[in-house]
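Peer 1: Here's a structure for you.
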Ligand code: 5GP
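Numbering (this note's numbering), first residue to last: 1 to 228.
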């Protein structure tokens with residue numbers, strides 16, 4: 001059975017990961033008739049206007065999130081800008097086993113954990129054209145308070161330092177160009193996988209499991225949230 005393709009898409013908040021992934025989805029559907037499964041994370045953050053529970057995220061209490069951590073239900077989870085975000089393990093394994101293209105929109109520390117658990121995954125770091133443009137995009141989407149925007153910009157400086165840990169780095173200058181390059185990355189990986197299967201061989205890992213670079217300033221692994 002096909003092992004499926006695991007695609008980790010990371011990069012600073014506001015860089016446009018979701019928009020690029022949506023454009024990738026359209027291109028794969030139109031050109032190859034293939035669907036992607038976009039992993040739905042659990043988060044303790046409040047929904048933004050227009051976000052649908054179970055579609056954009058599963059919005060949960062800190063207590064529910066902590067129970068899921070205790071039950072080892074996450075493939076990875078992290079704290080980001082004061083909220084918890086986690087990738088539920090069961091759907092990842094089910095969709096990977098079904099040979100689907102499984103896509104994760106996650107921040108950098110969670111991406112490192114995923115690469116360690118799934119060394120065969122293809123990982124892509126999306127950069128903004130400039131820090132000024134990232135600020136403009138974060139402010140432009142109008143969903144975050146000025147304090148949250150500043151927090152996310154500060155985190156982005158550390159995140160961009162880790163771009164070289166990823167299999168590919170691409171700049172989201174325009175959504176069309178960035179998604180076209182992401183489409184090329186995906187089709188190349190699918191072709192490589194098909195070749196491996198034809199040869200009857202196990203697909204070799206494209207990269208060794210990355211060394212996890214503990215950033216002292218980040219304080220290490222977040223503990224499970226506790227209900228205050
Ligand atoms: P936002 O609050 O803007 O939706 O997301 C904040 C950050 O959390 C984004 O960089 C997003 O990619 C990341 N994120 C979303 N879901 C997950 C997850 O399940 N795990 C991790 N590690 N990061 C996530």
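Glycine included, every Cβ here is placed at the ideal spot set by N, Cα and C. Keep in mind it's a predicted model, so treat the numbers as computed, not measured.
(1) How about residue 55 and residue 69: do their beta carbons lie closer than 9 Å?
(2) Once the 5 residues before and after residue 151 are set aside, which same chain residues still bring their CB inside 8 Å of it?
(3) Exposed or buried, what is residue 52 when buried is set at 16 or more other beta-carbons lying within 10 Å of its beta-carbon?
(4) Cβ of residue 182 versus every heavy atom of ligand 1: is any distance shorter than 8 Å?
(5) With H, G and I counted as helix, E and B as strand and the rest as coil, what does DSSP make of residue 4?
(6) Need the endpoints of the beta strand (DSSP E) that residue 37 sits in, please.
(7) Can you find at least 3 beta carbon pairs, one from the stretch 142–156 and one from the stretch 89–104, that sit closer than 8 Å?
(8) Just to confirm, is the Cβ distance from residue 47 to residue 59 under 9 Å?
(9) Compare the Cα-Cα distances from residue 106 to each of 5, 9, 4 and report the closest residue.
(10) Give me the Cβ distance between residue 122 and residue 189, rounded to the nearest whole Å; I'm assuming they're in contact under 8 Å.
(11) For residue 128, count the other beta carbons within 10 Å of its own beta carbon; 16 or more makes it buried, fewer makes it exposed. Which is it?
(12) Would you decide whether residue 109 is buried or exposed? Buried here means 16 or more other CB atoms lie within 10 Å of its CB.
(13) What did DSSP end up calling residue 19 once you bin it into helix, strand or coil?
(14) Return yes when the Cβ of residue 16 is within less than 9 Å of the Cβ of residue 175, no when it is not.
(15) Going by beta-carbon coordinates alone, are residue 12 and residue 139 separated by less than 9 Å?
(16) Under DSSP, the beta strand (DSSP E) around residue 240 begins and ends at which residues?
Peer 2: Short version:
(1) no
(2) 81, 82
(3) exposed
(4) no
(5) coil
(6) 36–38
(7) no
(8) yes
(9) 9
(10) 5 Å
(11) buried
(12) buried
(13) helix
(14) yes
(15) no
(16) No answer is possible for residue 240: it lies beyond the span of the chain, which begins at 1 and ends at 228.
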